[in-house]
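Read the structure below first, then the notes.
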Amino acid sequence: MGKNCTKRNVAIIEKCIMSEVGLQNLLSDPTYCQYSFHFYKNFAEFRQALKQTSFFSIIYSLFGLREERRECLMGLHLLSYSHPGVQRIVLVEDDREAQLVGLFSSLRLHGILSKTAPLPLLLEQLATLFGETRHINDNMLNHWYVSQCRTLSPTERAILNCMTRGLSMAEIASQLDRNVKTIRAHKFNAMTKLGVTSDVSLLNAADILTWMPHVYGQYPN
Numbered sequence: 001m002g003k004n005c006t007k008r009n010v011a012i013i014e015k016c017i018m019s020e021v022g023l024q025n026l027l028s029d030p031t032y033c034q035y036s037f038h039f040y041k042n043f044a045e046f047r048q049a050l051k052q053t054s055f056f057s058i059i060y061s062l063f064g065l066r067e068e069r070r071e072c073l074m075g076l077h078l079l080s081y082s083h084p085g086v087q088r089i090v091l092v093e094d095d096r097e098a099q100l101v102g103l104f105s106s107l108r109l110h111g112i113l114s115k116t117a118p119l120p121l122l123l124e125q126l127a128t129l130f131g132e133t134r135h136i137n138d139n140m141l142n143h144w145y146v147s148q149c150r151t152l153s154p155t156e157r158a159i160l161n162c163m164t165r166g167l168s169m170a171e172i173a174s175q176l177d178r179n180v181k182t183i184r185a186h187k188f189n190a191m192t193k194l195g196v197t198s199d200v201s202l203l204n205a206a207d208i209l210t211w212m213p214h215v216y217g218q219y220p221n
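Going by UniProt numbering, the sequence shown opens with residue 1, and the numbers climb by one from there.
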């Protein structure tokens with residue numbers, strides 16, 4: 001009977017070969033014998049496969065580079081409209097990045113997983129998410145991330161938005177009609193709330209926090 005059972009297809013977008021091998025080993029656990037996992041290097045490859053294969057879920061491994069992070073956010077947003085029945089899960093580098101991604105309730109994610117979680121816990125969380133296909137932004141795994149990240153003030157968000165556009169502190173102060181010292185104070189407060197300690201980390205956070213679909217204009221066909 002088991003041989004006649006149709007497996008559910010799960011797409012995994014992972015650019016790193018070593019991480020792909022690690023995930024393949026992890027997902028060979030008997031817990032996932034009812035799923036067939038397909039690996040892709042980018043969202044474009046996945047979209048091509050989507051034309052011929054029906055997928056139950058997609059797991060997008062969030063990559064650190066800015067453009068690839070934006071590709072992830074745009075791709076999953078687009079998928080939520082073109083294929084709303086496909087479960088959307090983001091696999092992030094650590095808990096801090098999970099918190100940042102959790103801000104995007106409008107992205108309509110089914111779950112957020114951290115690579116730093118112990119392997120048994122990661123397996124358990126993934127199995128839980130596969131069983132919660134209808135729960136978007138409101139399940140036991142990502143609700144904490146979302147609730148913890150709603151603390152930035154409008155000014156702090158505006159500063160992060162300006163930072164993603166490459167503006168200096170002086171230019172941001174001029175645009176927001178504030179004193180430079182005031183802008184720096186707001187920037188420091190944002191860093192404290194987000195748990196980052198450098199401008200590079202803050203810019204990474206800003207990319208996630210300020211991303212909106214209209215940045216890209218018209219979506220690709």
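Where a beta carbon is used, it is the ideal one built from N, C-alpha and C, also for glycine. Quick caveat: nothing in here was measured; it's all calculated off a predicted structure.
- Around the beta carbon of residue 94, fewer than 16 other beta carbons lie within 10 angstroms, which makes this residue exposed.
- Beta bridge pairing from DSSP links residue 40 with 13.
- Residue 86 has its alpha-carbon roughly 36 Å from the corresponding atom of residue 155.
- Each of 207, 51, 178 and 75 was checked against the Cα of residue 60, and the nearest Cα belongs to 75.
- Under a 10 Å Cβ-count criterion, residue 165 is classified as exposed, with fewer than 16 other Cβ atoms of the shown protein chains found around its own Cβ.
- Counting along the chain, residue 174 sits inside the alpha helix (DSSP H) bounded by residues 169-176.
- Here residue 47 is not near residue 195, since their CB atoms are 8 Å or more apart.
- In the DSSP assignment, residue 80 falls within the unbroken alpha helix (DSSP H) covering 66-82.
- If you draw a straight line from the Cα of residue 167 to the Cα of residue 185, it comes to about 16 Å.
- In the three-state scheme derived from DSSP, where H, G and I count as helix and E and B as strand, residue 87 is classed as strand.
- If you draw a straight line from the Cα of residue 42 to the Cα of residue 179, it comes to about 43 Å.
- Counting other Cβ atoms within 10 Å of its Cβ, residue 187 reaches 16 or more and is therefore classed as buried.
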